[in-house]
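Worksheet for the structure shown next.
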Amino acid sequence: MNSAIAQQLYESSLAMLAMAGPILVVAALIGFFMALFQAATQIQDQTLPQILKMVVIAAMVVLGGAMLAGPMVRYTENLFINFPRMIG
């Protein structure tokens, strides 16, 4: 593996983290606070946090999808620009 491929792997990891990170953090926070709410009220419904997570994540993707996809678009453009250097 040469340094160009290693650099591309590093950049792809950062782009993936920038795209999925905010969604995963919000899903984890919703799960945590819903667990606290369910423990405090003794609600034992398992679908409540799942539905709330799906709705909030869908809203995040719809409202902030372009912003979240920005790092992946830049990475893809960079990958295609540097492709001849990587294979040759």
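Going letter by letter, the sequence shown gives residues 16 to 103 in this note's numbering.
Heads up, the beta-carbon is just placed ideally off N, CA and C, and yes, glycines get one too.
From a predicted model like this one, the values you see are computed outputs, not experimental measurements.
C-alpha distance - residue i paired with residue j, whole-angstrom precision
i   : j   : result
G85 : A35 : 12 Å
P64 : I38 : 15 Å
L94 : T62 : 41 Å
I96 : F48 : 44 Å
P99 : A81 : 28 Å
Q57 : L67 : 18 Å
Buried versus exposed call for residue i [16 or more other C-beta atoms within 10 Å across all chains shown]
i   : result
A43 : exposed
Close-in-space but distant-in-sequence residues of the same chain around residue i (CB under 8 Å, 5 per side omitted)
i   : result
V41 : V71, I72, M75
E92 : none
Nonlocal neighbours in the same chain, by C-beta distance under 7 Å from residue i, ignoring five residues either side
i   : result
M69 : none
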